[in-house]
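In the working numbering, the protein residues as written are 258 to 502. C-beta atoms are modelled at their ideal positions from N, C-alpha and C, and glycine is treated no differently. All of these numbers come straight from a predicted model, not from anything done at the bench. What follows is a single structure, written as C-alpha cells, with notes after it.
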Amino acid sequence: MVDKKPDKKPEKKADKKLTQVANPSSAIASYLDELLHTATGTAVDEVPVEPEVPTSEPVSPEPEPEPEPEPEPTPGVELVPARAEQEPPGRPDWSHQPFECLIFTVAGLKLAVPLILLGAIHRIEEPVKPLPGSPKWYMGMRPDRGHNLRVVDSAEWIMAGRAPADARHHYQFIIRLDQSEWGLACDDVAQSFTLTPDEVRWRTARSKRPWLAGTVIDHMCALIDVRSMADLLVRAEREHHLDLS
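Here it is as C-alpha cells:
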C-alpha cells in the first residue's frame, strides 16, 4: 500500500496595506481625516421617482379660461432683471495653472500655502506679546518692519477646539499671509514643491471652512486659500472688538 500524503492547502497571502499615522493624538488624526473627507466627498446621485398613476376613471378637463391681454408697459420704465444670489467662493485665481507651494506643520497637521501668496517666514526668537482679554486663537503681536504682525494660534484657529493643550510650546515659525497683517504660528516648515491643478482635490462649495481650498492627497495635507483665511481673520477681529492698533 502506498501512503497518501495529505493534500497541502494553498497558503493564503495576507494583503499588506500601507498605513499612515499623522500623529499619535487621535484628535489630530481624526481632524485630518475630516478635512480630507470634506474636500473629497462626492454627492450621491438621486434617482427620480415616477409619479403614481391614478386608478380612478378619467375626468373631463374643464375648459381653460381665455388669457387676459397683457397690459402695455408704461413709457419710460425699463424692466430690470432680478439679481441672482451671490455664489459661494470657488477656486482661487492662482489654481488654474501649476504653482509652487510650501508645506508647514501645526500640531501634527500638514498644511500647504502657495508661494505666490507667502508674505514672509519669521522665526520665533522672543515670546509673542499677548493682548489681555483676547480670544484663545489670538496669540499676540510681533514687530515686523515698522508695524505689528498679528500672530494667530493656528491650532486653535484651524482645529476649532481640538487643538492639543501644549500646541503653543512647539511653535517655532510664523507664516505671514500675503501682504496682510496676519501670521500663522507653526511648528516646522518643510520643503517647497510644484503642484499641477489636477493634483489637488478642489472644493467648489465652501460654506464650511472657507479657508480650505482643497487637499493634496499625495502629500496628505490641506491647501489654504490665503485670501479667504485673511478675510476671516479680519472679520473675527471686528466681531471680537480687538484693539490691535
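Where residue i falls, given that 16 or more other Cβ within 10 Å makes a residue buried
{"i": "S464", "result": "exposed"}
{"i": "D423", "result": "exposed"}
{"i": "K234", "result": "Past the boundaries of the shown model lies residue 234; the chain is included only from 258 to 502, so the question cannot be answered."}
{"i": "G365", "result": "buried"}
{"i": "T362", "result": "buried"}
{"i": "P387", "result": "exposed"}
{"i": "D350", "result": "exposed"}
{"i": "V304", "result": "Note on V304: pLDDT 34, under 50, position unreliable in the model; the coordinate value appears next. Looking at its Cβ environment, which holds fewer than 16 other Cβ atoms inside 10 Å, V304 is exposed."}
{"i": "G471", "result": "buried"}
{"i": "E413", "result": "buried"}
{"i": "A462", "result": "exposed"}
Distance between beta carbons of residue j and residue i, contact taken as under 8 Å
{"i": "V446", "j": "V457", "result": "Between V457 and V446 the Cβ distance is about 20 Å, and since that is not below 8 Å, they are no contact."}
{"i": "L480", "j": "D435", "result": "With 8 Å as the limit, L480 and D435 do not qualify as a contact, their Cβ atoms being about 15 Å apart."}
{"i": "L452", "j": "F356", "result": "6 Å"}
{"i": "D444", "j": "H427", "result": "5 Å"}
Nearest residue (CA-CA) to residue i, options the options
{"i": "Q429", "options": "R419, A442 and M396", "result": "A442"}
{"i": "V491", "options": "V408, A369 and V385", "result": "V408"}
{"i": "P371", "options": "H353, D482 and G418", "result": "D482"}
{"i": "F450", "options": "H353, S352, E291 and A369", "result": "A369"}
{"i": "Q354", "options": "H427, D444, A493 and P454", "result": "P454"}
{"i": "I360", "options": "I432, R495 and Q448", "result": "Q448"}
{"i": "E291", "options": "S485, I415, L406 and R484", "result": "I415"}
Residues near residue i by beta carbon distance below 8 Å, same chain, minus five either side
{"i": "A487", "result": "L434, D435, S437 and W439"}
{"i": "L489", "result": "P467 and W468"}
{"i": "L406", "result": "H379, M398, R399, P400, I431, R433, E438, W439 and G440"}
Contacting residues, own chain, Cβ-Cβ under 6 Å from residue i (five flanking each side not counted)
{"i": "R348", "result": "W459"}
{"i": "V385", "result": "M396, G397, R399 and V408"}
{"i": "E382", "result": "none"}
Residue-chain proximity (residue i, chain C), Cβ-Cβ < 9 Å
{"i": "W439", "result": "Here chain C cannot be found, since the structure has a single protein chain."}
Validate contact between the region 365-378 and the region 389-396 using beta carbons, cut 8 Å, 3 pairs:
no
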